[in-house]
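Engineer: In terms of UniProt numbering, the sequence shown has 76 at position 76, counting the first letter as 1, and numbering is strictly consecutive.
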Amino acid sequence: MTNLVDRPNSPRGQRRREGLIEAGLALLIEGGWPAVTTRAVAARSGANVGLIHYHFGGLSALHLEIARRAGDTVMMPVLEALLAAPDAGSALDAMRRVVPRVTGDEKVLRLAVELMAGAMREPELGDALRVGLREARVQIADWLGALNPQWTAERRTGVATLVAALLDGMMLHHLLDAELSLEPAVAALGELIGASS
1 MTNLVDRPNS
11 PRGQRRREGL
21 IEAGLALLIE
31 GGWPAVTTRA
41 VAARSGANVG
51 LIHYHFGGLS
61 ALHLEIARRA
71 GDTVMMPVLE
81 ALLAAPDAGS
91 ALDAMRRVVP
101 RVTGDEKVLR
111 LAVELMAGAM
121 REPELGDALR
131 VGLREARVQI
141 ADWLGALNPQ
151 WTAERRTGVA
161 TLVAALLDGM
171 MLHHLLDAEL
181 SLEPAVAALG
191 ELIGASS
């Protein structure tokens with residue numbers, strides 16, 4: 001008879017599942033996707049290999065969950081700061097604070113690199129990353145609509161794509177060159193979202 005406390009929907013099962021994802025994320029940071037094996041995740045989390053199959057159905061599904069968590073770790077601090085801003089000026093101030101903080105974290109750098117590498121090698125990981133980026137663009141478009149109700153849906157969608165690309169670019173460039181001044185990019189972002197100087 002199966003132990004009911006270890007079922008995926010039980011609190012203990014959820015903790016085990018979370019522990020496996022966290023172990024996989026730590027391995028991803030340390031050694032990239034090649035380090036995220038069934039045995040390594042089981043060993044790191046103190047679980048047996050069978051729990052990976054039980055909770056995820058196999059390593060591919062666990063990789064997807066790890067990729068989603070990595071994407072959230074890389075993108076969500078910046079996206080949440082932007083979306084929480086009540087106006088364009090506050091959004092710019094938030095970007096000035098958050099982008100250097102996020103890009104100054106070596107773990108974020110490693111996760112960003114591995115997300116891109118994994119997305120290029122494994123179609124399922126690429127699909128998961130695309131879904132996350134699409135959701136982010138929709139949220140940005142909705143936020144822009146609240147700030148600029150006169151904008152058409154097409155303009156909100158286009159500007160949201162440019163804002164997302166600008167934020168990605170700002171993060172990438174700042175990751176690679178911490179001495180880079182973000183101010184010109186933040187000023188361009190302000191023009192894009194309709195901030196008054």
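We put the CB at the ideal spot given by N, CA and C, even for glycine.
State the DSSP-derived secondary structure class of alanine 103, mapped to helix, strand or coil.
Structural biologist: In the sequence under discussion, the amino acid at residue 103 is threonine, which differs from the alanine named in the question. Three-state result, threonine 103: helix.
Engineer: Kindly examine the ligand FAD and report whether one of its heavy atoms sits closer than 7 Å to the Cβ of glycine 194.
Structural biologist: Although the ligand FAD was asked about, the structure shown includes no ligands whatsoever.
Engineer: Along the chain, where does the alpha helix (DSSP H) that runs through glutamate 124 open and close?
Structural biologist: Counting along the chain, the alpha helix (DSSP H) containing glutamate 124 begins and ends at 123 to 147.
Engineer: I'd like the list of long-range same chain contacts for residue 260, defined as Cβ closer than 6 Å, with 5 residues on each side in sequence excluded.
Structural biologist: In this structure the chain extends from 1 to 197, so residue 260 is not present and cannot be described.
Engineer: With distances taken between CB atoms, is the gap from alanine 136 to methionine 75 smaller than 8 Å?
Structural biologist: The answer is yes: Cβ separation under 8 Å.
Engineer: Jot down the residue ranges of each uninterrupted alpha helix (DSSP H) in the region 45 to 71, minimum 4 residues, whole runs only, in chain order.
Structural biologist: Runs of the alpha helix (DSSP H) inside the region 45 to 71: 49 to 56.
Engineer: Does glutamine 14 come out as helix, strand or coil in the three-state DSSP assignment?
Structural biologist: In the structure shown, glutamine 14 sits in a helix (DSSP, three-state: H, G or I).
Engineer: For the region 121 to 129 against the region 88 to 102, do three or more pairs of beta-carbon atoms, one drawn from each stretch, fall closer than 8 Å, so that the two count as touching?
Structural biologist: With the cut-off at 8 Å, the region 121 to 129 and the region 88 to 102 do not touch.
Engineer: Excluding five sequence neighbours on each side, which residues of the same chain lie with their C-beta closer than 8 Å to the C-beta of asparagine 48?
Structural biologist: If we look at asparagine 48 and ignore the five residues flanking it on each side, its Cβ neighbours are Ala42.
Engineer: Does the region 53 to 69 come into contact with the region 14 to 27, if we say contact requires no fewer than three beta-carbon pairs (one atom in each stretch) closer than 8 Å?
Structural biologist: The region 53 to 69 vs the region 14 to 27: in contact.
Engineer: Quick one: grab the DSSP three-state call for glycine 194.
Structural biologist: It is coil, neither helix nor strand.
Engineer: Helix, strand or coil, according to DSSP, for aspartate 168 in the structure here?
Structural biologist: Helix, per DSSP.
Engineer: Excluding five sequence neighbours on each side, which residues of the same chain lie with their C-beta closer than 8 Å to the C-beta of asparagine 3?
Structural biologist: Because the pLDDT at asparagine 3 is just 47, under 50, the model does not fix this residue reliably, and the value given afterwards should be weighed accordingly. Once the five neighbours on either side are set aside, asparagine 3 has no close Cβ partner at all.
Engineer: Among Ala91, Glu80 and Ala119, whose alpha-carbon lies nearest the alpha-carbon of leucine 189?
Structural biologist: The candidate whose alpha carbon is nearest that of leucine 189 is Ala91.
Engineer: Assuming arginine 16 contacts histidine 55 (C-beta within less than 8 Å), just tell me the rounded distance between them.
Structural biologist: About 7 Å separates the two Cβ atoms, so the contact holds.
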